[in-house]
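Peer 1:
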Amino acid sequence: MADEKEIIVEYFKSKAKTKTKHYFKDFLELFPDKKPREVKKILSDLVKEGVVDYWSSGSTTMYGLKGLGKQEEVEEGEQPKD
Amino acid sequence: MKFETPLLDQLEQGPWPSVVSDIKQEAAHRAANPDGLDYQIPQDCCEDLLGLLELSYKDMETHWKHGGIVGVFGYGGGVIGRYCDQPEMFPGVAHFHTMRVAQPSGKFYSTKFLRQLCDIWDLRGSGLTNMHGSTGDIVLIGTTTPQLEEVFYQLTHEMNNDLGGSGSNLRTPAACMGMSRCEYACYNTQDVCYQLTEDYQDELHRPAFPYKFKFKFDGCPNGCVCAMARSDFAVVGTWRDDIKIDQDAVKAYVGGEYTPNAGAHSGRDWGKFDIQAEVIDRCPSHCMSWDGQKLTIDNANCVRCMHCIDTMPRALRIGDDRGASVLCGAKAPVVDGAQMGSLLVPFVKVEQPYDELKEIIENIWDWWIEEGKNRERLGELMKRASFQKLLEVTNTEAQAFHVKEPRNNPYIFFKEDEVPGGFKRDLADYRSRHQR
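First to last, the sequence lines map onto chains A and B.
Per this note's numbering, the first sequence starts with residue 1, numbered consecutively.
Per this note's numbering, the second sequence starts with residue 83, numbered consecutively.
1) Does any residue of chain B have a CB that is nearer than 7 Å to the CB of T61(A)?
2) Using only the alpha-carbon positions, how far apart do E339(B) and M142(B) sit?
3) With a cut-off of 7 Å, does the C-beta of E10(A) fall near any C-beta of chain B?
4) How many Å lie between H177(B) and P366(B) at the Cα?
5) D47(A) touches chain B at which residues, Cβ-Cβ below 7 Å?
6) State buried or exposed for T341(B), treating a residue as buried only when at least 16 other CB atoms are found within 10 Å of its CB.
7) If we call anything under 7 Å between Cβ atoms a contact, is H145(B) one with D126(B)?
8) Have a look at the DSSP bridge pairing and note the partners of I362(B).
9) According to DSSP, which residues form a beta bridge with T180(B)?
10) Here's a check: name, in chain order, each residue in its chain whose Cβ is nearer than 8 Å to the Cβ of M388(B), leaving out the five neighbours to either side.
11) Chain A beta carbons: is any one of them nearer than 7 Å to that of A290(B)?
12) Looking at M181(B) and the ligand NAP, is the gap between the Cβ and the nearest heavy atom below 6 Å?
13) Select from V183(B), G461(B) and S248(B) the residue whose C-alpha is nearest the C-alpha of Q236(B).
14) Out of E129(B), Y139(B), E453(B) and S248(B), which one is the CA nearest neighbour of I162(B)?
15) Looking at G401(B): is its Cβ nearer than 7 Å to the Cβ of M310(B)?
16) Look at D130(B) and F172(B) and say whether their C-beta atoms are less than 7 Å apart.
17) Mind checking N243(B): buried by the 16 CB within 10 Å criterion, or exposed?
18) Name the DSSP beta bridge partners of S371(B), please?
19) Buried or exposed, going by whether 16 or more other CB atoms sit within 10 Å of the CB of Y436(B)?
20) Does the CB of G58(A) have a neighbour CB from chain B at under 7 Å?
21) Put C410(B) into one of helix, strand or coil per three-state DSSP.
22) Note down, one range per segment and in chain order, each alpha helix (DSSP H) of at least 4 residues found wholly within the stretch 209-278 of chain B.
23) Helix or strand or just coil, what does DSSP make of D511(B)?
24) Relative to the alpha-carbon of P289(B), which residue among L65(A), K66(A), S59(A) and G67(A) has its alpha-carbon at the smallest distance?
25) Does DSSP classify D82(A) as helix, strand or coil?
26) Tell me which residues of the stretch 14-29 of chain A have at least one Cβ-Cβ distance to chain B shorter than 7 Å, keeping chain order.
27) So, under 8 Å CB-CB, V427(B) and I446(B) are touching, yes? Tell me the CB distance rounded to an integer number of Å.
28) Measure from the alpha carbon of K147(B) to the alpha carbon of each residue in V175(B), E136(B) and I123(B), then state which is nearest.
29) List the endpoints of the continuous alpha helix (DSSP H) containing W352(B).
30) Helix or strand or just coil, what does DSSP make of S56(A)?
31) Using the beta-carbon of each residue, which ones in chain B are nearer than 7 Å to D53(A)?
32) Closer than 8 Å, Cβ to Cβ, to anything on chain A: give me those residues from the stretch 255-278 of chain B, in chain order.
33) Does the beta-carbon distance from G188(B) to Q272(B) come in below 7 Å?
34) Could you check what DSSP says for G461(B) in three-state terms: helix, strand or coil?
35) Could you check which residue in G153(B), D323(B) and Y269(B) has the C-alpha nearest to that of L245(B)?
36) Report the rounded CA-to-CA distance for K66(A) versus P186(B), giving the unit in angstroms.
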C-alpha cells in the first residue's frame, strides 16, 4: 500500500499550485484498476497517519494534504490567508 | 444583554414559540451560571449569537462562513465548521461549530440520556441544541475546535453514542417509531435502521460518495419520516394481501358509535360522520364502495394511500403479508430540481439480517460511486443515466409499474445479448437470399 500512498501524496503535490482540495472521485482516476472501497482504504489510512485531512463544507467533503491550502471557507475570488 | 436586538425582538411577538426567546433564556442562564460551571467556550456566546443574528437582519446578509478542516480524528463527517466573519465584534461565536449526533432509533429517549447530553453541551458547547435537524439527528449548535474531541469522547465513552453523518457520507439513518407504538408498522423500522447504521459505519464516517446519501425507513405508507420524499433510498412498509375489514366496526363508525380519525381533528364540529363523502369518495383509485350495509374494497387497485385505514382504524387493518416497497432517488433541489422517489421494488420481506435490502443498496452505491458526478445525488444520476440503468445495476427485471410515461423516442436500442443470435450474421446465408 506504500506505493499507492506515495502516488496520492505526489498527486496532491503536483496539483498544489492550482488546487489543494480534491474530490474522492479524483483519486479513483489515479487507480483505474482498483475498486472505490480499496481507494477509500488507502485514503482513510493516510488520514489516520495524519498525512491527509478531510475538508468539509457541511454538505460536500474533499480531501487535502495536511496544512496545504485554505483551512477555512473563503469567498469566491478571495485569496486564502495562509 | 450585550447587544440591543430590536429586529430580533419582533420575532418574539408572534403566537409561536420563538428561537430568539430560547437563545435569550440560555444567554441569561449562562450569565447567571447557577451550577457554577467552568464553561469551556465563551460564557457570553449566546449573547454574541444574538448580536450576530441582529446584524444579519440589519445587513440583510449572512455573517456565517461554513466549511473547513474541523472534525474528530479519523471521522470525515459529523462536524460542520462554522466561522463568523465578524470575529472581533462577536468573539464568542468566532468559531461556532455544529456537531451532529446520532439520534436513538425512533427518537426514544431516557431522561438520563437527555440530562447527560445537556450536561456535556452546557459545559463544552453553547447549550443550544436543535432537536432535531432535518435529517433527524440531534444537532448541537456551537462549540470551538478544541472541544470537539472532548465532546466526542464523552458521547462515545460515557453515552455509548456516536456522531451522525454530514458531508459526502451516508447520513444518519432515520426511522419512524414503527412497531414500538404503531399498529400500522409493516416491518421493524427501528431494528433495520439500527442494523444498517451498524453495518455501514464506514460509509457514515469515511466519505467516499459523490455527495450525500440518505436512508429512511417508514413503517407504513403514512410516511412519518417522509422517506419517499427526502431520502435517496426509501423503505416504506406495505402489505401484499387484502386490507382486513371488520364490517360491524364499519357500521359502528357509520352509526356514530366510534369517533372517526381516532379522535383527531376533533377541535371543531364536522357534523355526522359521512362514510361516502369522507372515505369512499376520497379514495384516490376509487376502489371502495359502500352499499349501506357492507364495505367492499377492490384490493388489486388499492394504492396504499392509508386514508380509509386512518379514518376508521377500528374497522380497517393493514393486511397480514407484510413487507416494504423500495423507492429511490428523492431529493431537494440543488444540481437538479426536487423529486420524489421512484418505485424500484414493489415488495420485499424486510427480515433480519436484511441481506436483500443490503444487496440493493450496495449495488446502487457501486454504480453511483463509479458513475455519479461530484455533487450529483442518486436521483439526478437516475435521471441522467435512465431508470433502465438503475434496473440493470440492481438486477431488477423491468415491469409495467417502472414505466412512468409512454416512450417518446421511437428508436429501441438493443444490447447484443438481448438479440437472439447476437449482432453477428451469416453473410453467405444473407446473400443467398439477397442480391448485391
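All C-beta atoms, glycine included, are put in the ideal place defined by N, C-alpha and C.
Peer 2: Considering the structure as presented:
1) By one-based count along the first sequence, residue 61(A) stands at place 61. T61(A) has a beta carbon lying within less than 7 Å of a beta carbon in chain B.
2) Your numbering for residue 339(B) matches position 257 in the second sequence. Your numbering for residue 142(B) matches position 60 in the second sequence. In this structure, the alpha-carbon of E339(B) lies about 56 Å from that of M142(B).
3) On the first sequence, residue 10(A) is found 10 positions in, with the first residue counted as 1. By this cut-off, E10(A) is not an interface position.
4) Translated into positions along the second sequence, residue 177(B) becomes position 95. Translated into positions along the second sequence, residue 366(B) becomes position 284. Put simply, the backbone Cα of H177(B) is about 52 Å away from that of P366(B).
5) Along the first sequence, read from residue 1 onward, the residue named residue 47(A) stands at position 47. The displayed chain sequence assigns Val, not Asp, to residue 47(A). Those are G156, listed as they occur along chain B.
6) Stepping through the second sequence from its first residue, residue 341(B) is reached at position 259. It is exposed - the Cβ of T341(B) has fewer than 16 other Cβ atoms within 10 Å.
7) Along the second sequence, one-based indexing puts residue 145(B) at 63. Along the second sequence, one-based indexing puts residue 126(B) at 44. No; because the gap between Cβ atoms is not below 7 Å, this pair is not in contact.
8) Residue 362(B) sits at position 280 when you count from the first residue of the second sequence. I362(B) is not bridged to any residue.
9) As a working mapping, residue 180(B) is identified with position 98 in the second sequence. DSSP, once it has assigned bridges, lists I162(B) and I223(B) as partnering T180(B).
10) By 1-based counting over the second sequence, the position of residue 388(B) is 306. Sequence-distant partners of M388(B) (beyond 5 residues in either direction) whose C-beta falls short of 8 Å from its own C-beta, in its chain, are Y266, C302, P303 and N304.
11) Position 208 of the second sequence, counted from the first residue, corresponds to residue 290(B). At least one CB atom of chain A sits nearer than 7 Å to the CB of A290(B).
12) Absence of the ligand NAP from the depicted structure is noted, as is the absence of any ligand whatsoever, leaving it without description.
13) Looking up residue 236(B) in the second sequence gives position 154. Ranking V183(B), G461(B) and S248(B) by Cα distance to Q236(B) puts V183(B) first.
14) Within the second sequence, numbered from 1, the residue matching residue 162(B) stands at position 80. Of the candidates E129(B), Y139(B), E453(B) and S248(B), the one whose C-alpha sits nearest the C-alpha of I162(B) is S248(B).
15) The residue given as residue 401(B) occupies position 319 in the second sequence. The residue given as residue 310(B) occupies position 228 in the second sequence. When the beta-carbon positions are compared, G401(B) and M310(B) stay at least 7 Å from each other.
16) Residue numbering aside, residue 130(B) sits at position 48 when the second sequence is read from its first letter. Residue numbering aside, residue 172(B) sits at position 90 when the second sequence is read from its first letter. Yes, Cβ-Cβ distance for D130(B) and F172(B) is below 7 Å.
17) On the second sequence, position 161 is the one that residue 243(B) refers to. The residue is buried, with at least 16 neighbouring Cβ atoms inside 10 Å.
18) As a first step, residue 371(B) must be located in the second sequence, where it is residue number 289. T378(B).
19) If you number the second sequence from 1, residue 436(B) lands on position 354. With a 10 Å radius around the Cβ and a threshold of 16 neighbouring Cβ atoms, Y436(B) comes out buried.
20) Here the question's residue 58(A) lines up with position 58 in the first sequence. Closer than 7 Å to some Cβ of chain B, the Cβ of G58(A) qualifies, so yes.
21) The residue you call residue 410(B) lines up with position 328 of the second sequence. In the displayed model, C410(B) falls within a strand according to three-state DSSP.
22) Taken in chain order, the complete alpha helix (DSSP H) segments of 4 or more residues contained in the stretch 209-278 of chain B are 227-239.
23) Along the second sequence, one-based indexing puts residue 511(B) at 429. In the structure shown, D511(B) sits in a helix (DSSP, three-state: H, G or I).
24) Counting from one through the second sequence, the residue named residue 289(B) turns up at place 207. When only C-alpha atoms are compared, the closest one is S59(A).
25) Translated into positions along the first sequence, residue 82(A) becomes position 82. Note that D82(A) scores 47 on pLDDT, short of 50, meaning its location in the model is unreliable and no value can be drawn from it.
26) Along the stretch 14-29 of chain A, going in chain order, the ones with a CB nearer than 7 Å to a CB of chain B are Y23, F24 and K25.
27) By one-based count along the second sequence, residue 427(B) stands at place 345. By one-based count along the second sequence, residue 446(B) stands at place 364. The C-beta distance from V427(B) to I446(B) rounds to 11 Å, too long to fall under 8 Å, and the pair is not in contact.
28) The count along the second sequence starts at 1 and reaches residue 147(B) at position 65. Comparing Cα-Cα distances from K147(B) to each of V175(B), E136(B) and I123(B), the minimum goes to V175(B).
29) Counted from its first residue, the second sequence places residue 352(B) at position 270. Bounds of any alpha helix (DSSP H) do not take in W352(B), whose DSSP letter is neither H nor E.
30) Along the first sequence, one-based indexing puts residue 56(A) at 56. In the structure shown, S56(A) sits in a strand (DSSP, three-state: E or B).
31) Residue 53(A) sits at position 53 when you count from the first residue of the first sequence. Those are I151, listed as they occur along chain B.
32) Taking 8 Å as the Cβ-Cβ cut-off against chain A, none of the residues of the stretch 255-278 of chain B qualify.
33) Here residue 188(B) is taken as the residue at index 106 of the second sequence, counted from 1. Here residue 272(B) is taken as the residue at index 190 of the second sequence, counted from 1. Q272(B) is positioned such that its CB atom lies closer than 7 Å to that of G188(B).
34) Reading the second sequence from its first residue, position 379 is the one you call residue 461(B). The answer is helix: DSSP assigns G461(B) an H, G or I state.
35) Counting from 1 along the second sequence, the entry for residue 245(B) is found at position 163. Comparing C-alpha distances from L245(B) to each of G153(B), D323(B) and Y269(B) shows the shortest one belongs to G153(B).
36) Taking the first residue of the first sequence as position 1, residue 66(A) is located at position 66. Taking the first residue of the second sequence as position 1, residue 186(B) is located at position 104. Their Cα atoms are separated by approximately 34 Å.
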